[in-house]
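In our numbering, the protein residues as written are 30 to 397. C-beta atoms are modelled at their ideal positions from N, C-alpha and C, and glycine is treated no differently. Worksheet: one structure, shown below.
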Amino acid sequence: MKHIISHSRRLRDTPFTAGVEAAGVKSYTVYNHMLLPTVFEDAEFDYHHLKAHVQVWDVSVERQVELNGLDASKLMQMLTPRDLGKMQSDQCYYVPIVDNKGKMLNDPVAIKHSDTRWWISIADSDLLLWVKGLASGAGLNVDVFEPDVSPLAVQGPKSDILMERVFGNEVHNIRFFRQKRLTFADTSFIVSRSGYSKQGGYEIYVENGQYGMALWDALFKAGKDLNVRAGCPNLIERIEGGLLSYGNDMNMENTPLECGLGRFCKLAKDVDHIGREALALEIEQGPLRQIRAVSILGEAIVPPRTAWPLLKNGVQVGQVTSAAWSPDFETNVAIGMVDAQHWNPGTELSVETPQGSRIACVEERFWK
Ligand code: THG
Numbered sequence: 030m031k032h033i034i035s036h037s038r039r040l041r042d043t044p045f046t047a048g049v050e051a052a053g054v055k056s057y058t059v060y061n062h063m064l065l066p067t068v069f070e071d072a073e074f075d076y077h078h079l080k081a082h083v084q085v086w087d088v089s090v091e092r093q094v095e096l097n098g099l100d101a102s103k104l105m106q107m108l109t110p111r112d113l114g115k116m117q118s119d120q121c122y123y124v125p126i127v128d129n130k131g132k133m134l135n136d137p138v139a140i141k142h143s144d145t146r147w148w149i150s151i152a153d154s155d156l157l158l159w160v161k162g163l164a165s166g167a168g169l170n171v172d173v174f175e176p177d178v179s180p181l182a183v184q185g186p187k188s189d190i191l192m193e194r195v196f197g198n199e200v201h202n203i204r205f206f207r208q209k210r211l212t213f214a215d216t217s218f219i220v221s222r223s224g225y226s227k228q229g230g231y232e233i234y235v236e237n238g239q240y241g242m243a244l245w246d247a248l249f250k251a252g253k254d255l256n257v258r259a260g261c262p263n264l265i266e267r268i269e270g271g272l273l274s275y276g277n278d279m280n281m282e283n284t285p286l287e288c289g290l291g292r293f294c295k296l297a298k299d300v301d302h303i304g305r306e307a308l309a310l311e312i313e314q315g316p317l318r319q320i321r322a323v324s325i326l327g328e329a330i331v332p333p334r335t336a337w338p339l340l341k342n343g344v345q346v347g348q349v350t351s352a353a354w355s356p357d358f359e360t361n362v363a364i365g366m367v368d369a370q371h372w373n374p375g376t377e378l379s380v381e382t383p384q385g386s387r388i389a390c391v392e393e394r395f396w397k
């Protein structure tokens, strides 16, 4: 079935839309009310290229929620169980955001500019509304808004050399999940070493969309001999790497412990955040289910559009939420949520797919 997307102002373009379309994007998904490319050549071609070369990704859909004002840090800590106390002003943190019941609202990257200014680089849920509501309800002295910032990711083993050519030697001094402001043309951008792949790379937080295509063109010009291509988060690669997708692998019904994000919920004594009581109780009792890497035996599977039930002896004990054929592992790789009694690596289950019932194995992880 071929679908056509009706464009309008609600489905905002990004600063890089012209480049993405000229590069021949083949399909999109909807993310934060915008379009996120999902395929350029085909999922497997894009996958092999990402692992061998360098790609430029329009990830403008990673919208920023800016907290700006005297209470910005107080509000940021209210939002997450992760202890921000020792965070330096050049760090980025992966932070679960939970509601008062300790349920996941988003799993963004938080960027600290200073004690009075933060960006939250969000996954696919309307976090801006929650943060505005909290700031208003708590009477905090802070502005909460979406700034004109659009991340462009440079991912893949040749990302270092490409970034050096465009931003200079300084890129090598940025450590994992740290950021630096680097100059481009007559402006400057926050550049972090991060991104939604395990192939290494950077994210450039493009402030002022006017500069978008100039940066896009500069990267493609400098990367010609590196075989640079337009790319996007790759379903196969991100499942292999165990990168979670909010709305797919977890949602508002799950806790951070269920999502395997317990390491970010230490609940230090002096940390005051929403959902603390519920999380403390769950830490004491342990989660009832948890996200696991899962392999699915048999021929290549068509990725799920709904959750697929995981069964043991005919009884449901979980669900598979993401799956794809992995050329490198020569099996179907998947992410699922599995009940505690059945989550040990090596456990054999069955999974109900539209292509029939298959054997599914709980795995430790796919690599690393
Ligand atoms: N970068 C930025 N914003 C984002 C994403 C991103 N917003 C949307 C989405 N991705 C948010 N979700 C994730 C999920 C995983 C990671 C980052 C954002 C990630 N995880 C690493 C891992 O699991 O190995 C590292 C986590 C850690 O240990 O700190 O990178 O990609 N700007």
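To the nearest angstrom, how far is it from the Cα of residue i to the Cα of residue j?
i    : j    : result
D128 : L255 : 45 Å
D177 : Q239 : 10 Å
I20  : R111 : Given that the chain is displayed from residue 30 to residue 397, the structure contains no residue 20 and the question cannot be resolved.
C261 : G375 : 32 Å
A81  : S188 : 10 Å
I325 : V380 : 8 Å
I312 : T109 : 15 Å
R222 : Y123 : 13 Å
V346 : A353 : 21 Å
A251 : R194 : 7 Å
D246 : L378 : 49 Å
P356 : Q348 : 23 Å
G327 : R387 : 7 Å
V200 : L79  : 20 Å
L244 : V49  : 13 Å
L157 : R38  : 19 Å
Please return the same chain residues whose Cβ sits closer than 7 Å to the Cβ of residue i, not counting the five positions on each side in sequence.
i    : result
W396 : E269
T382 : I330, W337
G230 : A182, V183, Q184, G185, S188, G224
Could you tell me which residues DSSP puts in a beta bridge with residue i?
i    : result
Y76  : Bridge partners of Y76: none, in fact.
R321 : G365
D400 : Look at the range of the chain in this structure, 30 to 397, and you will see that residue 400 is not part of it.
Y231 : V183
A52  : A52 pairs with nothing; no bridge assigned.
C390 : S324, E377
T350 : Beta-bridge pairing links T350 to no other residue.
T67  : DSSP lists no partner for T67.
Apart from the five residues just before and just after residue i, which ones in its own chain have a Cβ nearer than 6 Å to its Cβ?
i    : result
V160 : V94, V173
E287 : P316, R318, Q319
T360 : S324
V300 : D112
F45  : D87, G241, W245
Our contact map puts residue i next to residue j with C-beta atoms below 8 Å; I'd like the distance itself, whole angstroms only.
i    : j    : result
T145 : A101 : 5 Å
F69  : A47  : Between A47 and F69 the Cβ distance is about 15 Å, and since that is not below 8 Å, they are no contact.
N277 : S351 : 5 Å
Using C-beta distances below 8 Å, list every residue in its chain close to residue i, excluding the 5 sequence neighbours before and after it, in chain order.
i    : result
N373 : V391
Where are the beta strand (DSSP E) runs, 3 residues long or more, that stay fully inside the segment 101–163, in chain order? With a minimum length of 3 residues, the continuous beta strand (DSSP E) runs that stay inside the segment 101–163 are 121–123, 133–135, 138–143, 146–150.
Beta strand (DSSP E) runs wholly inside the segment 288–336, at least 3 long, in chain order: Counting only runs of 3 or more, we get 318–325.
Q: Could you tell me which uninterrupted alpha helix (DSSP H) segments, each at least 4 residues in length, are contained entirely in the segment 223–287, listed from first to last along the chain?
A: Restricted to the segment 223–287, the alpha helix (DSSP H) segments that are unbroken, complete and at least 4 residues in length are 241–251, 264–269, listed in chain order.
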